[in-house]
Amino acid sequence: MLKTRLLAALVAGSALSACGGGDSGNSGTGGGGSGGGIITPTTFTAKFMSASACGTTQASTNGELVIHDQNWRVISRHRPDSNGNVSANFSGGNVANISTITYSTGQNAEFSVTSYAQHPVTDLGSFYVPGTSQQGCDCQNVNVVVSSAFGSLSTADVQLTGFTTSEQRRSQLSFNEVQFEQVGVCRVPNGAWPLLTAVANNGTARAIAGSVRQYNIANPVNLTLNQNATVLPVSLNTFDVSLSETHYTTTGGFGFRSRFGTNDVFIFNQLEGVEVISLRAATNQVESTDGGFIFRSATQRQNFTVPLNNMPVFNVPNTDAQQALESFLVRDLPSNNNNYNLSSVQGFNTFYLYAQTRLTDGTNYFQSFIGPLQGTYPDEIVPADYNIDSRLDENASATINASVIRYGDNQTYRQYLLDLSERGDLPFAARLTGKWANYSTVSVQITTTP
């Protein structure tokens, strides 16, 4: 994970003081080898897609599937064809180490690489390249006036979602009216304009919201906040938690204001366009350092289709795994090998390692690794012709996150990978609900500032 240039510097500048944790010896491998006998070639397939601002998708060639050996050396590379399809034969067994690369160029460019240890040879589903395009969309700017049927509003309290580009300016028209000026909205040509949703006093018992679906962009759009939030109690297994809620509509989402010392959430069951209500309970600890901060968290997130009427029950995981994660960051990550061992962690079977920084040309760079609790993570995984190493800015701010993760209560690592492939081809609401509704994680994150 670029540790010689980026991640080791993060650890060196932190105030982590882990003890115990996993063994950094050569006790695991990141890939699946093959036994004796005849091996029948099997095939990875995948599709690379890009999304438009009006909700359509199209094939993309801005990606790559890379197959590695058990030591993360490149075996083969596979670029998508003009239809975004990738097909890669693999004769080394029924699992392999792989990486997927997606990227965008130009303004707000992003580059993302995700590596998967011991992935079953199967259809990987769809991968979306970063960013959205307005190509093929009808996009216009419009003023949106948000008013309250329940009293005063302020520009600081109102949140608007459903747009493609945010307002150029926000102004107070009267005691209960706020105007969002020149909001960008996009639609399929001759189709309907996107649902717009607004909320005020979000994350409180005084929260109010409203939606508008049919409007004429030749005039200012009037959106009235006419629904009060419903107060719903939740059951918690510990008192030291923060609660938050996010509402996902057909065109966006609003929410995520954390609160301590409560066991109530504030939801909108009848708000037009709401598809999924996501509730999150977490124990968080933030520690400042000379060069940034350390964020420790244990979280359970549950998603619900509307209406949500029954009391949600949260079992936030304990923080025991943080000891092993901190040991990995302090001892294993800066070491001379790329082995890790988190087998002491209970209740989880999947390890997630994530890094983010900015390159010298302004590209936002993201790198992730997903593996079992014991194995080998890759370092300097991106092929050299992308020139990532030469563009890495050692003085840029950076983040590294080490986590253990799971969906449901007892998910194996293999189940996680197979479910991940299946999930990628589902509609948005289906990706958040069903067997993906309950997500738990324990993590330690280090962020440095220049």
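In mature numbering (1 follows the signal peptide of the UniProt record, and there is no 0), the protein residues as written are -17 to -1, 1 to 433. We put the CB at the ideal spot given by N, CA and C, even for glycine. The structure displayed is predicted, hence computed values, not measured ones.
Open item on the list: Taking the beta carbon of Val78 as the centre, do at least 16 other beta carbons fall within 10 Å, making it buried, or is it exposed?
Closed with: Here residue 78 corresponds to residue number 95 of the sequence shown, with the count starting at 1. Per the 10 Å Cβ criterion, buried.
Task: Three-state secondary structure assigned by DSSP to residue 516 - done: It is not possible to answer for residue 516, since the shown part of the chain is limited to -17 through 433.
Open item on the list: For Pro300 and Val425, which I take to be in contact (beta-carbon distance under 8 Å), what is that distance rounded to the nearest angstrom?
Closed with: Translated into positions along the sequence shown, residue 300 becomes position 317. Translated into positions along the sequence shown, residue 425 becomes position 442. Yes, they are in contact, since the Cβ atoms of Pro300 and Val425 sit about 5 Å apart, within 8 Å.
TODO: Could I get the ranges of all uninterrupted alpha helix (DSSP H) runs contained in the region 319 to 377, with 4 residues as the minimum, in chain order?
DONE: 371 to 374
Task: Top-ranked residue by Cα proximity to residue 434, from Val257, Ala304, Ser218 and Gln253 - done: With the chain represented from -17 up to 433, any question about residue 434 goes unanswered, as that position is not in the structure.
Task: Assigned secondary structure, Gly238 (DSSP; H/G/I helix, E/B strand, else coil) - done: Counted from its first residue, the sequence shown places residue 238 at position 255. Strand, per DSSP.
Open item on the list: Does the contact criterion of 3 or more C-beta pairs under 8 Å hold for the region 286 to 298 versus the region 205 to 218?
Closed with: yes
Task: Cutoff 7 Å; reference Asn185; Cβ partners in own chain excluding five residues on either side - done: Locating residue 185 in the sequence shown gives position 202, counting from the first residue. Excluding residues within five positions, the ones whose Cβ falls inside 7 Å are Gln142, Phe237, Gly238 and Arg240.
Open item on the list: Gly256 and Ser154 - do their beta-carbons sit closer together than 7 Å?
Closed with: Position 171 of the sequence shown, counted from the start, is the residue given in the question as residue 154. Position 273 of the sequence shown, counted from the start, is the residue given in the question as residue 256. No; because the gap between Cβ atoms is not below 7 Å, this pair is not in contact.
Task: Short Cβ contact (7 Å threshold) for Gly114 with Ser157 - done: Looking up residue 114 in the sequence shown gives position 131. Looking up residue 157 in the sequence shown gives position 174. Going by C-beta atoms, Gly114 is not nearer than 7 Å to Ser157.
Open item on the list: Going by DSSP, what residue range makes up the beta strand (DSSP E) through Ala188?
Closed with: Stepping through the sequence shown from its first residue, residue 188 is reached at position 205. Judged by DSSP secondary structure, Ala188 falls outside any beta strand (DSSP E); it is assigned neither H nor E.
- [ ] Select from Phe311, Leu316 and Asn319 the residue whose C-alpha is nearest the C-alpha of Ser327.
- [x] Counting from one through the sequence shown, the residue named residue 327 turns up at place 344. Ranked by Cα distance from Ser327, the first of Phe311, Leu316 and Asn319 is Phe311.
Open item on the list: Would you call the region 354 to 362 in contact with the region 328 to 336, where contact means no fewer than 3 C-beta pairs closer than 8 Å?
Closed with: yes
- [ ] Use the C-beta contact count for Ala188: other C-beta atoms within 10 angstroms, 16 or more gives buried, fewer gives exposed.
- [x] The count along the sequence shown starts at 1 and reaches residue 188 at position 205. Flag for Ala188 reads exposed.
Open item on the list: Quick check on this structure: which residue in Arg242, Arg284, Gly274 and Glu270 has the alpha carbon closest to the alpha carbon of Ile260?
Closed with: Looking up residue 260 in the sequence shown gives position 277. Out of Arg242, Arg284, Gly274 and Glu270, Arg284 has the C-alpha closest to the C-alpha of Ile260.
Task: CB of Val129 within 7 Å of CB of Ala181, strictly - done: Start at 1 with the first residue of the sequence shown, and residue 129 comes out as number 146. Start at 1 with the first residue of the sequence shown, and residue 181 comes out as number 198. Contact flag set, yes.
Open item on the list: Which residues does DSSP list as the beta-bridge partners of Tyr111?
Closed with: For the purposes of this step, residue 111 is identified with residue 128 of the sequence shown, where counting begins at 1. Met32.
Task: Chain-order list of residues whose beta-carbon lies under 6 Å from that of Leu308 (same chain, five-residue window excluded) - done: Here residue 308 refers to the residue found at position 325 when the sequence shown is read from its first residue. Apart from the 5 residues on each side of it in sequence, Leu308 sits with its Cβ closer than 6 Å to the Cβ of Ala385 and Val427 in its chain, given in chain order.
- [ ] Tell whether a beta-carbon distance below 7 Å holds between Ser145 and Pro172.
- [x] As a first step, residue 145 must be located in the sequence shown, where it is residue number 162. As a first step, residue 172 must be located in the sequence shown, where it is residue number 189. Note that residue 145 is Gly in the sequence shown here, rather than Ser. Not in contact: Gly145 and Pro172 (Cβ atoms no closer than 7 Å).
Open item on the list: Excluding the 5 residues flanking Cys37 on each side, which residues of the same chain have their C-beta closer than 6 Å to its C-beta?
Closed with: In the sequence shown, the residue the question calls residue 37 occupies position 54. The residues are Cys120, Cys169, Arg170 and Val171.
Task: Complete beta strand (DSSP E) runs within the region 43 to 93 (minimum length 3 residues, chain order) - done: 46 to 51, 57 to 61, 68 to 73 and 78 to 86
- [ ] For Gly391, collect the residues of the same chain with a Cβ closer than 7 Å to its Cβ; drop the 5 residues on either side in sequence, then sort them by chain order.
- [x] On the sequence shown, position 408 is the one that residue 391 refers to. For Gly391, where only same-chain residues beyond five positions count, the Cβ hits under 7 Å are Lys418 and Asn421.
Open item on the list: According to DSSP, is Leu308 part of a helix, a strand, or is it coil?
Closed with: As a position in the sequence shown, residue 308 is number 325, starting the count at 1. Note: Leu308 maps to helix in three-state DSSP.
TODO: Rounded to whole angstroms, what's the CA-CA distance from Asn202 to Gln123? Just pull it up for me.
DONE: Working through the sequence shown from its first residue, we reach residue 202 at position 219. Working through the sequence shown from its first residue, we reach residue 123 at position 140. In a straight line, the C-alpha of Asn202 is about 12 Å away from that of Gln123.
Task: Which listed residue (Asp106, Asp64, Ile84 and Arg62) has its alpha carbon closest to that of Thr26 - done: Counted from its first residue, the sequence shown places residue 26 at position 43. The option with the nearest alpha carbon to Thr26 is Asp106.
- [ ] Indicate the three-state DSSP secondary structure (helix, strand or coil) for Asp121 in the structure shown.
- [x] The sequence position of residue 121 within the sequence shown is 138, counting from 1. Assigned with DSSP and collapsed to three states, Asp121 falls in strand.
- [ ] Determine the burial state of Gln350: buried for a count of at least 16 other Cβ atoms within 10 Å of its Cβ, exposed for fewer.
- [x] Taking the sequence shown and counting its residues from 1, one reaches residue 350 at position 367. By the neighbour-count rule (16 or more Cβ atoms within 10 Å), Gln350 is buried.
TODO: Using the Cα positions of Ser33 and Ala42, report the straight-line distance between them to the nearest angstrom.
DONE: Position 50 of the sequence shown, counted from the start, is the residue given in the question as residue 33. Position 59 of the sequence shown, counted from the start, is the residue given in the question as residue 42. So the alpha carbons of these two residues sit roughly 6 Å apart.
TODO: With DSSP as the reference, label Gly167 as helix, strand or coil.
DONE: Reading the sequence shown from its first residue, position 184 is the one you call residue 167. Correct three-state label for Gly167: strand.
Task: Same chain, Cβ closer than 7 Å to Thr233, neighbours up to 5 away in sequence not counted - done: In the sequence shown, counting from the first residue as 1, residue 233 sits at position 250. Cβ within range, chain order: Leu178, Gly256 and Glu258.
Open item on the list: Buried or exposed for Thr266, going by 16 or more other Cβ atoms inside 10 Å?
Closed with: Residue mapping note: residue 266 aligns to position 283 of the sequence shown, counting from 1. Thr266 is buried by the Cβ-count criterion.
Open item on the list: I need the straight-line Cα distance from Gly75 to Ser373, nearest angstrom please.
Closed with: Here the question's residue 75 lines up with position 92 in the sequence shown. Here the question's residue 373 lines up with position 390 in the sequence shown. Looking at the two C-alpha atoms, the distance is approximately 33 Å.
Task: Straight-line gap, Ser7 to Ala413 (C-alpha atoms, nearest Å) - done: If you number the sequence shown from 1, residue 7 lands on position 24. If you number the sequence shown from 1, residue 413 lands on position 430. Summary for Ser7: the model assigns pLDDT 38, below 50, so the residue's position carries little reliability; its value from the coordinates is reported in the next sentence. The straight-line gap from Cα to Cα measures roughly 39 Å.
Open item on the list: As a quick exercise: from Ser109, Ile50, His102 and Ala132, pick the residue whose alpha carbon is nearest that of Pro410.
Closed with: Locating residue 410 in the sequence shown gives position 427, counting from the first residue. Comparing Cα positions, the closest option is Ser109.
Task: One or two residues paired with Thr382 in a DSSP bridge - done: Taking the first residue of the sequence shown as 1, we reach residue 382 at position 399. For Thr382, which the question treats as bridged, DSSP gives the partners Gln339 and Thr430.
Task: Candidates Ala175, Ser280, Asp368 and Ile250, of which the one nearest Arg60 by Cα - done: Along the sequence shown, read from residue 1 onward, the residue named residue 60 stands at position 77. Considering only alpha carbons, the answer is Asp368.
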